[in-house]
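122 is the number that the working numbering gives to position 96 of the sequence shown; each next residue is one higher, with no gaps.
Just so you know, even glycine gets a beta-carbon here, dropped at the ideal spot from N, CA and C.
Notes follow the structure.
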Amino acid sequence: MTGIVVPMQPGGNEAFSLTRIDVVAIELLAEGRAATLSAARLDAILAHLNGHRADLVAVIAELRSRPSSGDARIDALNANLSVEASKGLAQIDLFIGQAEICAGAARSDDLPT
């Protein structure tokens, strides 16, 4: 059985997300932009989180810029969406902070002593 390539198959959303992170990490490693696979994975995770953060910031800005619709229920829903999106942004910021700490530790472990 030589020469057979078995592609990674997603087993669910979590497995697919991990596969995407690994693909980006392997590219970073192959391009020499990371010293180890662990560091490359952390960089890929940070890039992924920062992308989601930027998307959420745009959603929040759009929600806040909406004029009153004249319908109290719709205006209340928009206000609630803005609050919940802001809470989500705070969570993403916490994840980014933790990932940056891990990435910093991984990079310092990569340095020769």
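Starting from residue i and walking both ways along the alpha helix (DSSP H), at which residues does that stretch end?
{"i": "Glu88", "result": "Leu63 to Ser91"}
Report, in whole angstroms, the separation of the C-beta atoms of residue i and residue j, which I expect to be a contact under 8 Å.
{"i": "Leu120", "j": "Leu82", "result": "In fact, because the Cβ distance is near 13 Å, the residues do not count as touching under 8 Å."}
{"i": "Ala65", "j": "Arg133", "result": "6 Å"}
{"i": "Asp69", "j": "Ala80", "result": "Contact flag wrong, Cβ pair sits at about 17 Å."}
{"i": "Ile118", "j": "His78", "result": "6 Å"}
{"i": "Leu44", "j": "Leu55", "result": "That pair is no contact at about 16 Å."}
Check whether the segment 103–115 and the segment 127–135 are in contact - that is, three or more C-beta pairs closer than 8 Å. The segment 103–115 is not in contact with the segment 127–135.
Inter-stretch contact at 8 Å, needing at least 3 Cβ pairs: the segment 57–73 / the segment 90–105: No, because fewer than three Cβ pairs between the segment 57–73 and the segment 90–105 fall closer than 8 Å, the two stretches do not touch.
Suppose only complete runs of 3+ residues qualify. What are the beta strand (DSSP E) ranges in the segment 111–137, listed by chain order? Assignment of beta strand (DSSP E) within the segment 111–137, counting only whole runs of 3 or more residues, yields no such run.
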